[in-house]
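Protein chains: 8
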Amino acid sequence: VKARHRRPHRDLGFAKVDLDRQDRCGQAEVIFGSGKTPAQIAAIATELHRNGQPVLITRATRQAATAVRRKIKSIRWHEQARILSTRPAPVTHSFRIGVCAAGTSDLPVAEEAALTAEFYGNPVERIYDVGVAGIDRLLAHREQLSTLSVVVVVAGMEGALPSVVAGLVSCPILAVPTSVGYGTSYQGITPLLAMMTSCGSGVSVVNIDNGFGAGFAAARITAALARAARSRSA
Amino acid sequence: VKARHRRPHRDLGFAKVDLDRQDRCGQAEVIFGSGKTPAQIAAIATELHRNGQPVLITRATRQAATAVRRKIKSIRWHEQARILSTRPAPVTHSFRIGVCAAGTSDLPVAEEAALTAEFYGNPVERIYDVGVAGIDRLLAHREQLSTLSVVVVVAGMEGALPSVVAGLVSCPILAVPTSVGYGTSYQGITPLLAMMTSCGSGVSVVNIDNGFGAGFAAARITAALARAARSRSA
Amino acid sequence: VKARHRRPHRDLGFAKVDLDRQDRCGQAEVIFGSGKTPAQIAAIATELHRNGQPVLITRATRQAATAVRRKIKSIRWHEQARILSTRPAPVTHSFRIGVCAAGTSDLPVAEEAALTAEFYGNPVERIYDVGVAGIDRLLAHREQLSTLSVVVVVAGMEGALPSVVAGLVSCPILAVPTSVGYGTSYQGITPLLAMMTSCGSGVSVVNIDNGFGAGFAAARITAALARAARSRSA
Amino acid sequence: VKARHRRPHRDLGFAKVDLDRQDRCGQAEVIFGSGKTPAQIAAIATELHRNGQPVLITRATRQAATAVRRKIKSIRWHEQARILSTRPAPVTHSFRIGVCAAGTSDLPVAEEAALTAEFYGNPVERIYDVGVAGIDRLLAHREQLSTLSVVVVVAGMEGALPSVVAGLVSCPILAVPTSVGYGTSYQGITPLLAMMTSCGSGVSVVNIDNGFGAGFAAARITAALARAARSRSA
Amino acid sequence: VKARHRRPHRDLGFAKVDLDRQDRCGQAEVIFGSGKTPAQIAAIATELHRNGQPVLITRATRQAATAVRRKIKSIRWHEQARILSTRPAPVTHSFRIGVCAAGTSDLPVAEEAALTAEFYGNPVERIYDVGVAGIDRLLAHREQLSTLSVVVVVAGMEGALPSVVAGLVSCPILAVPTSVGYGTSYQGITPLLAMMTSCGSGVSVVNIDNGFGAGFAAARITAALARAARSRSA
Amino acid sequence: VKARHRRPHRDLGFAKVDLDRQDRCGQAEVIFGSGKTPAQIAAIATELHRNGQPVLITRATRQAATAVRRKIKSIRWHEQARILSTRPAPVTHSFRIGVCAAGTSDLPVAEEAALTAEFYGNPVERIYDVGVAGIDRLLAHREQLSTLSVVVVVAGMEGALPSVVAGLVSCPILAVPTSVGYGTSYQGITPLLAMMTSCGSGVSVVNIDNGFGAGFAAARITAALARAARSRSA
Amino acid sequence: VKARHRRPHRDLGFAKVDLDRQDRCGQAEVIFGSGKTPAQIAAIATELHRNGQPVLITRATRQAATAVRRKIKSIRWHEQARILSTRPAPVTHSFRIGVCAAGTSDLPVAEEAALTAEFYGNPVERIYDVGVAGIDRLLAHREQLSTLSVVVVVAGMEGALPSVVAGLVSCPILAVPTSVGYGTSYQGITPLLAMMTSCGSGVSVVNIDNGFGAGFAAARITAALARAARSRSA
Amino acid sequence: VKARHRRPHRDLGFAKVDLDRQDRCGQAEVIFGSGKTPAQIAAIATELHRNGQPVLITRATRQAATAVRRKIKSIRWHEQARILSTRPAPVTHSFRIGVCAAGTSDLPVAEEAALTAEFYGNPVERIYDVGVAGIDRLLAHREQLSTLSVVVVVAGMEGALPSVVAGLVSCPILAVPTSVGYGTSYQGITPLLAMMTSCGSGVSVVNIDNGFGAGFAAARITAALARAARSRSA
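So this is what it looks like as structure tokens:
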């Protein structure tokens, strides 16, 4: 209880910034860019950067990127993934995270997941355009898939892809429905519900388009794996 | 216009019975059992039978079966499929209809489709328990699938099965979502929307649990194929 | 299994292009333009064209059209249907596909279906502005309808049109709900559900606004009819 | 303002009964049976009957019927329509109300509409089993339809029937969606939305299964017609 | 049957124009502007105008107005109601249509209803800003309401207004939900369902924002009243 | 922080019982009966009773009532409201809570609210069967309403009743949608959304059928009023 | 009844303005800016201002602000909250209203609530960025929360915040779901339903983004508290 | 590819049973009891048992339990969790799985998760009745939570519980919405969407009531942790 009180948040009025989340939880605080003004984003980012924290901003518009880069020269703008990030943590373990995407239009979300995982120091393998309508394209990666520690599966128009992948591997699967598609895809709720419904065991799901959430959850798993490997090998 | 007037419907008050649909359209009238009382069903069935029409009753409850069999001794009750039917038409062509089902609980609907297709004189092949979560079970039927003229795909918990099948064959695919499943399957609307959304080309969809509709539509296609084969070979 | 390995997809990073789909399945790969950048579309189209494949691009914006025509001079831009296509396959059989549209605002989707069917070498008949609110306009085409091999029915504000047509013909019907309309049409889900629900036998449904899907499925049926006719006449 | 105070409601604690609604509005108060106990229904009915009011009870269960008939011997129980009513008002005008029903399973709601219209003294014509999937069955009634003053159209599986009827007549159309059907009919919301969406002019819609509401609204129109005819002929 | 054939529609390719609807049904054809290009609208309008038909265009954008006025000088543009119309029919009867609107933002739809009713030769009374949250504003019109022949009630944020009005009058009520409002009004589906659900007798409902539909249906009723008055007074 | 630790919950394995909620918050813990077995309910109730706490059980089935009364002789079973409660707290202030109900079938929920308010020591006034379709029945209570401190408005078929009431008073209004009704009432979501949407100021809403929640929230307000009156009069 | 007639609304054609609402109800009329043109807003505001009424305009766009400030120099534009208001009423009591907001993007709605409460003369305490994902940030305000008279809780991505707060205080809680968030937040319906569903006692909910409604309802409660305090202290 | 062919499924007609899934994937095949007849379940279970596989049956009714126990004497029936299972695998590692449940009525689903995890050889800690409305009950487990390797959070009425837990730990969180609750909980879709929407990082979600899925996914993670610990310590 006491320890908690030693870590006050910095209060910017519109936001309370957590300056030692990385030490406390092992994963630095992340700025969710949507719904904040470029000025607010830049202020929070600067506060984190000044305190020696790594900075990851998701859903960053071009305007936000401009505002932040004026303050933090070294930050990098990944346009397709709408991510701003300082240098990723170094890779310190060998538990690889796979990111599968069903179609070309799922790439922005897939890249958000991949870059998030890399930001937290994970090796990532990208397996793109492997939708189930041409199942052979996915099966060609069967062996590669079986060597991964976690697989993030991103799909907007075919909610069963995670189930198919789950049948090919024995590691945890994180599914991300995307809002691409038209008509009955309903901005992602159809693949979301389909991912929930289909029978694949070992699959759990994050919010529509939430590439960050999947990358973050995958990184929590690999961090635990790394800890397990280290603790016993000691 | 005149011809139309020569074919009056028999009016039973609660229903107008079409007595020459088979001659006119090539496919006899079918009784949709749901929402009708056993007495109403028996009256319509008797009217058709007395006029030399074959009889097919879908969504028939046990009560309806009892009421009808009291009038038409020769009719057969397929309990799982909830179908009552007189002897199927003889098979007169070689265009086979496949019926795939994802899971055991999809069988009632799959059987409704298969029996309907057989009622109209088609050879049918059943390929059951081939859900995508264990993709190898489906792939084991790859060669068999490629020899079919139409494939009906029945699935309640995995809307992408029709797409996967569509990628393996070049014939038309008719997809039937079923209301099995729980939680987010929402009595079939999730697989229905997922079937609509997924990228498989050549797939079209019928109503939830509408095994009859798929079997009937498949039979329309094979009937056309048989006509095409006959007309040119003449 | 071996044969499969001889047909590698060309991997462009963001997409794997299928270069012998036409030989393998009888229908060339199609580019779904939505969710891809003009540059991505142009790259895939060029790859296909360079390998002697016909090119069909759906949901093509004006920007995509400009980008593609810079690379493939001979491609044609159908603005209303949002389609880019190289020369259609020659018509080699006599199985005609009808395309009915309920109202003027359904024409973009109806044209997408019609042009897709023509791209695959089918003769097409267009029957437009035949909504059920003025049933005589449809009935005037009664005889014409009975000569078609497949009918695609496109409607946004009246989901029962496919059922009415189904009652007038004995061939397969493919229904396409459209997102035109306002208020309770809900971008097409109302006609979609109504098409599913109504009693017309022989009707199956594709995704909202999916003119391509209906045209493609219709072409699969006529291709089978042509094969049936050829095989027996041999 | 004063006049209002001369018409107190009789307060039964759980309900305030309006004893001069017929004099005031021309249409007697009606008891909506659903959600009330048989005892409550019987108490309200007795109160109305004792004050010389005609009695109409909708959604009456068998239990309610038993309870009410114990108090009011002369009341009649229409089981299919779930209606209890005392003798209908005598027919005093010639404006006929038509009631069309798409299928056999729509009859309970259609009868609720027809009996309500008759209760208020209207001549009614029943036109049943005229779904659009066999359009000729409806067209056979074309002439009859054109002589009606109002048409109530009841349909659960084909929301476009009111539009088709609207195209054949020039009188007002009242549409009643029903909750029969399965799968995507969604207990009537699909036909409700389809009735709203389709282009038929002159159509307005009442709640799902609300046969009473349609019969009542139709009776308001014919009552106005009768007044118009009388007032001018004076 | 013959008579029907004497009235061919003029076929413009994208639309079949009905040139004698007014003679046949008593109400001229109306152009629904939404989903049509300005050029298409102008072409249909010109065709009607040239054949001596009155012209009413709903959902007309400014672009459509410009295009039409270039062809038909005398047409008038009602911006708030998005209506283009030639001179209304002269008022030939005394059955008044009331149009009530709950709030200021419901006025565009209310005006669409009022102008439509006037186009067909009806006297109209507008009663605006009478939402139920300040019930006295409505009650101040109690006497006026009781003299009307039909009441159109337009409301986006309070679905019970039609019910309240229905309790104050004995004529038919046509309710129009509007898409104004925010949050849980859901573009009009909330007032639509609330209008359906609430207990007011004699109320029927048209599509969201369908002021035209309500005005047209009201005009059908007053036309019948006028016929009734004339026929008997003869 | 310390004080918190002095108040441990009693842990029954399946539930942690809060034994000094009344002292801490001024309102005793309440048992939500739904989803618990009669044995579980009886165990929790006995635990509270043994510790001198008053007992209120909502959503209590007859089975639960039997089980509890076996343990706590003095508890009373309010069947219509599905409530079990020990003696209410004595009334110690004069701030009255009104409970309005639109129709007879809303009474179970209205009584749940009224009995809850009484359990916490409040004087309650019941105003039942005052739906807006007969607005005069409500207006007859205008003066009475203006003397209340809080009004709970319970309605299943007319979401605007709270708004109408809000226009007649200046105290806080708590609205409770109920799941009575049929068709488009959708088990209460229609009145819930309509209550949210309508313009009445000072209205807030609780869950469907949540009479308890409204009664509890009303009691929080009157408790504050009583405190305010006491504190200043000191 | 008479008194009512002495307070006529000023009728501007498109709106009836209530000029003595403050005297009658204790709370001045408020202009809901959405759906009205800048000119309409300015006309209503001027009418109120000219009659000595305070002016509060919600959902005011920049255009509306410009139009109004041209007429009423002293009015102030709160851009983030989209509010225009004349000088707030002076604070005359000590019942404080708390406004909690879960995240930075909820601030526009939170400020709408806070400014509304201040407009009606209430002291307000703002507690921002206290989402439940970092529960310690909220718990740090535990003591402060327990001193408030009403708490407004604003949250778009976490519907349980009001319940958590309700467990920490014994005063009434008004919850406001906001439309921020993405994917499954569905423009606020997810937090709305979650707020309804969660078990917190004493919580009631207003419409999505309806900061004004919550501030207004809170002000009704504190006004009653102030009256209670005054009346007894007299 | 070859290895795959050595493992044929046993085909029972209605199901293909996977007899070496445990060897292949490390987790034995599980029988989903819902939608299968007791006879079908018993047949599959016997097939697995005869081949030396452990047996786990979820959603098992009492009828199924009777049928299976007739064949497999040693199987155990967990009534509350609706699970039938043979002896769990022995615990061979120290990575503990926590199962939190918000309320008493969530226990059946929580137990399904806990028993599944135990079946696969995991130590499990149950933390029940820790809903957020009384946050101190959860906070009392803060230290215990921080020692777990995975946390399964089960909640039906408060979708934010997983987020609160996620803020207290740094391990992966698996959230399970349940269908308990009433009104706006909508059989679990409200907590499902709320869990998706809320900001907690490291949370992913499985289907409504899918305790098995969460237990299985948790077991996949701890199995990987155990492998990681073993592999490095070697």
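Chains as they are written, first to last, in this note's numbering: chain G, -17 to 216; chain V, -17 to 216; chain U, -17 to 216; chain E, -17 to 216; chain D, -17 to 216; chain W, -17 to 216; chain C, -17 to 216; chain A, -17 to 216. In this text, a Cβ means the ideal position worked out from N, Cα and C, and glycines have one as well. Just so it is clear, the structure is predicted and the values come from calculations on it, not from any experiment.
Contacts around residue i, its chain only, beta-carbon distance under 8 angstroms, and the 5 residues preceding and following it disregarded
| i | result |
| --- | --- |
| Ala21 of chain D | Ala49 |
| Gln4 of chain C | Ala10, Glu11, Gln35 and Pro36 |
| Ile208 of chain E | This sequence places Ala at residue 208 of chain E; Ile is not what is there. Correct list, in chain order: Thr74, His75 and Phe77. |
Terminal residues of the beta strand (DSSP E) in which residue i lies
| i | result |
| --- | --- |
| Ser67 of chain C | Ile65 to Ser67 |
| Thr40 of chain A | Leu38 to Thr40 |
| Ser183 of chain E | Looking at the DSSP string, Ser183 of chain E is not in any beta strand (DSSP E), and its letter there is neither H nor E. |
Spatial neighbours of residue i in its chain, beta-carbon cut-off 7 angstroms, leaving aside the 5 residues before and after
| i | result |
| --- | --- |
| Ala25 of chain E | Leu(-6) |
| Thr172 of chain W | Gly141 and Thr166 |
Nearest-angstrom Cα separation, counted from residue j out to residue i
| i | j | result |
| --- | --- | --- |
| Asn104 of chain G | Asn104 of chain V | 56 angstroms |
| Ala206 of chain D | Ser131 of chain E | 8 angstroms |
| Arg51 of chain W | Ala92 of chain V | 52 angstroms |
| Ala220 of chain E | Met178 of chain D | Residue 220 of chain E lies beyond the range of chain E shown here (-17 to 216); nothing can be said about it. |
| Val133 of chain U | Ile109 of chain U | 10 angstroms |
| Arg124 of chain C | Ala148 of chain C | 11 angstroms |
| Thr129 of chain W | Asp2 of chain C | 20 angstroms |
| Arg44 of chain E | Ile13 of chain E | 15 angstroms |
Cutoff 6 angstroms; reference residue i; Cβ partners in own chain excluding five residues on either side
| i | result |
| --- | --- |
| Val188 of chain G | Val158, Gly195 and Ala196 |
| Leu143 of chain W | Ala84, Val114, Val135 and Ala137 |
Neighbour flag for residue i against chain G, beta carbons, 8 angstroms
| i | result |
| --- | --- |
| Pro144 of chain A | no |
Min CB distance residue i to chain V below 8 angstroms
| i | result |
| --- | --- |
| Arg119 of chain E | yes |
For residue i, the first and last residue of its enclosing alpha helix (DSSP H)
| i | result |
| --- | --- |
| His31 of chain D | Pro20 to Arg32 |
| Glu93 of chain G | Leu89 to Phe101 |
| Arg51 of chain V | Arg44 to Lys53 |
Chain U contact for residue i (CB, 8 angstroms cutoff)
| i | result |
| --- | --- |
| Ser167 of chain D | no |
| Pro36 of chain V | no |
C-beta neighbour in chain A for residue i, strict 8 angstroms
| i | result |
| --- | --- |
| Ala199 of chain G | yes |
C-beta neighbour in chain W for residue i, strict 8 angstroms
| i | result |
| --- | --- |
| Ala210 of chain C | yes |
| Val135 of chain A | no |
When you compare the segment 57 to 74 of chain V with the segment 154 to 172 of chain V, are there three or more beta-carbon pairs, one atom per stretch, that lie closer than 8 angstroms?
Counting Cβ pairs under 8 angstroms, fewer than three are found: no touch.
contact_flag[the segment 188 to 204 of chain W, the segment 53 to 60 of chain E] where n(CB pairs < 8 angstroms) is 3 or more:
Using a Cβ-Cβ distance cut-off of 8 angstroms, the segment 188 to 204 of chain W and the segment 53 to 60 of chain E are not in contact, since fewer than three pairs of beta carbons, one from each stretch, lie closer than that value.
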